[in-house]
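These notes concern the structure reproduced below.
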Amino acid sequence: MSVPAKQGRITPKRIRSMKDGQPIVCLTAYTTPMARLLDAHCDLLLVGDSLGMVLYGMETTVSVTLDMMIAHGRAVMRGVKNACVVVDMPFGSYQESREVAFRNAVRLLQETGCDAVKLEGGEEMAETIAFLTTRGVPVLGHIGLMPQQVHTAGGYRSVGHSDEESAKLRRDASAIGSSGAFAVVIEGTVETLARELTAQVEVPTIGIGASSACDGQILVSDDMLGLFNDFTPRFVKRYDELGQRVRKAAEDYAREVRARQFPGPEHTFKRRS
Ligand code: KIV
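Right under this line is the structure:
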């Protein structure tokens, strides 16, 4: 089912023009209520495949499906009036061929009404991104630490520590920068290299664990709100401790129900006479 695009919001083209300007503010959102809360404060909301780990308790993002991304993309679109919405292409939905990537990207655009898609990969994905962007699909690139490659990388670790890794990232940044992508996420990359890549590429860089040198920043909202408590990576600043507050609210509720203090008279319907 096709969803009409919402008018009046920040476009990928506008994000593209924000190089060397005001820092680009981005967060993840997976649901309508969260999108409503974050929208006014963000230039870009990402329906990240991190939702597999954050919402569904998966070990990695590898098991996330296109149908999951479509469902959450639609939910987020119901909550936005301002931000540019980008939906992640999940693992397996774009690597096989540029034609498969195009077909799945079109499903994301048509079935969610989002503004753009994101896909992970450096020089090896540049041709696919060019195929998509020249056919009307705006693409946000993603280089550096790439969570969908956790199995081949042997885990999650920051990159750019060796000359070889740095050279590969320079090639990745250059290829994605000239592929037609409107911006590129740089994840888990050492500061000096992130700074160099930001100066090197024409499109804005959006950093996550890639220092303040990037043109914009993104965090997983649940991480920065203190909701996703299992592990806090070094690059996350917790702006609140909502997890603790939820636990406390649940504890208070349970105590009051057990003591028959809730519901009180003010929460109870009385028969109208
Ligand atoms: O899936 C995600 O949330 C992401 C961001 C961390 C950039 O890709």
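Our numbering puts the sequence shown at residues 3 to 275. Using N, Cα and C, we set each Cβ at its ideal position, and we do this for glycine too.
At a threshold of 6 Å, does residue i count as lining the ligand KIV (C-beta to nearest heavy atom)?
i	result
Ser52	yes
Ile210	yes
Val187	yes
Ile17	no
Thr136	no
Thr30	yes
Val222	yes
Asp90	yes
Can you give me the C-alpha to C-alpha distance between residue i and residue j, rounded to a whole angstrom?
i	j	result
Ala177	Ser168	14 Å
Pro92	Leu121	8 Å
Glu129	Lys83	33 Å
Ser164	Thr114	40 Å
Val161	Val259	51 Å
Thr200	Glu268	57 Å
Ala252	His43	29 Å
Asn106	Cys216	29 Å
Asp41	Gly81	8 Å
Thr33	Arg137	29 Å
Phe133	Arg247	47 Å
Tyr241	Val187	22 Å
Glu279	Cys116	What the structure shows of the chain is the stretch from 3 to 275, and residue 279 is not part of that stretch, so it cannot be assessed.
Phe271	Ala85	41 Å
Met60	Ser275	54 Å
Val64	Gln150	6 Å
Val141	Glu193	25 Å
Arg18	Leu110	21 Å
Glu198	His144	16 Å
Glu243	Glu101	44 Å
In its own chain, which residues sit with a C-beta less than 6 Å from the C-beta of residue i, not counting the 5 before and 5 after it?
i	result
Ser223	Leu29 and Thr30
Tyr255	none
Asp225	Val238
Gly266	none
Phe264	Glu258
Val66	Asp51, Gly54 and Pro92
Hey, quick one: how far does the beta strand (DSSP E) through residue i stretch, first residue to last?
i	result
Thr207	Thr207 to Ile210
His144	Val141 to Gly146
Val66	Neither: Val66 is in no beta strand (DSSP E) and is coded neither H nor E.
Lys120	Ala118 to Lys120
Starting from residue i and walking both ways along the alpha helix (DSSP H), at which residues does that stretch end?
i	result
Glu258	Leu244 to Arg260
Leu229	Leu229 -> no alpha helix (DSSP H), and no H or E assigned at all.
Thr234	No alpha helix (DSSP H) contains Thr234, which DSSP labels as neither H nor E.
Asp165	Asp165 to Gly179
Gln112	Arg100 to Thr114
Thinking C-beta only, is residue j closer than 7 Å to residue i?
i	j	result
Val27	Asp45	yes
Gly182	Glu204	no
Phe184	Pro14	yes
Leu47	Val87	yes
Thr191	Gly146	yes
Val89	Val119	yes
His74	Val49	yes
Ile68	Ser99	The residue you asked about is not Ile; residue 68 is Leu in the sequence shown. Not a contact, by the Cβ cut-off of 7 Å.
Val152	Thr62	yes
Ser214	Ala196	no
With a threshold of 8 Å on Cβ separation, who are the neighbours of residue i within its own chain once the five nearest residues in sequence on each side are excluded?
i	result
Met148	Glu122, Gly123, Ala155 and Glu189
Gln219	Pro25, Ile26, Val27, Cys28, Ile208, Gly209 and Ile210
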